[in-house]
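This report refers to the structure that appears directly beneath it.
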Ligand code: NI
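In this note's numbering, the protein residues as written are 4 to 181.
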């Protein structure tokens with residue numbers, strides 16, 4: 004079921020979400036199904052459970068190669084519960100981000116270039132990965148939602164934060180939504 008995506012200003016987006024205690028339950032399966040439906044409907048690169056008003060540490064993300072966004076390397080479709088990420092170096096890089104909870108806007112956000120992340124798939128299987136570039140950016144963006152952080156809170160240069168259609172008049176060059 005497609006769910007309403009909460010927008011910035013809603014206090015529920017600013018809360019720390021809780022760990023999932025039990026895996027592979029009908030409630031978690033139903034939550035993931037709704038998150039998939041909602042992310043696809045709005046063509047997001049990722050979605051975190053608190054964005055649909057569920058304060059649990061569950062995120063989904065994935066980006067197929069899209070010729071409209073040649074710089075965005077593909078990110079494998081992933082559903083991850085109780086994710087934990089650690090930077091693998093202090094190196095950071097800047098990149099454009101958007102968010103389904105901040106519709107119509109884009110901003111440049113610094114993120115760690117390389118991270119490791121762990122968590123559980125919906126059956127309770129362990130996920131352990133390393134990621135860099137756009138993949139690492141998407142994971143950091145989604146995990147921030149679980150701690151009540153929206154990407155505009157990380158923007159440092161507000162000269163590069165604004166309305167998508169103004170920043171990118173040629174919409175074909177607009178970066179993908181997270
Ligand atoms: Ni977001």
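Where a beta carbon is used, it is the ideal one built from N, C-alpha and C, also for glycine.
Remember, it's a predicted structure, so these values are computed and weren't measured experimentally.
DSSP state of residue i mapped onto helix, strand, coil
| i | result |
| --- | --- |
| residue 23 | coil |
| residue 133 | strand |
| residue 118 | strand |
| residue 8 | coil |
| residue 28 | coil |
| residue 147 | helix |
| residue 13 | coil |
| residue 155 | helix |
| residue 37 | helix |
Anticipated Cβ contact below 8 Å, residue i with residue j, distance rounded
| i | j | result |
| --- | --- | --- |
| residue 37 | residue 60 | The pair is not a contact, with the Cβ atoms about 16 Å apart (cut-off 8 Å). |
| residue 65 | residue 81 | 6 Å |
| residue 13 | residue 125 | Wrong, their Cβ atoms sit about 26 Å apart, outside the cutoff. |
| residue 20 | residue 58 | 5 Å |
| residue 11 | residue 104 | 5 Å |
| residue 26 | residue 127 | 4 Å |
| residue 23 | residue 83 | So it is not a contact: roughly 10 Å between Cβ atoms. |
| residue 134 | residue 120 | 7 Å |
| residue 117 | residue 56 | Not really, about 33 Å apart at Cβ, beyond 8 Å. |
C-beta atoms of residue i and residue j nearer than 7 Å
| i | j | result |
| --- | --- | --- |
| residue 109 | residue 170 | yes |
| residue 90 | residue 146 | no |
| residue 144 | residue 100 | yes |
| residue 51 | residue 62 | yes |
| residue 114 | residue 132 | no |
| residue 112 | residue 157 | yes |
Residues bridged to residue i (per DSSP)
| i | result |
| --- | --- |
| residue 164 | 110 |
| residue 123 | 84, 129 |
- Residue ranges of each beta strand (DSSP E) within the region 45 to 116, 3 or longer: 49 to 51, 61 to 66, 78 to 90, 95 to 100, 108 to 115
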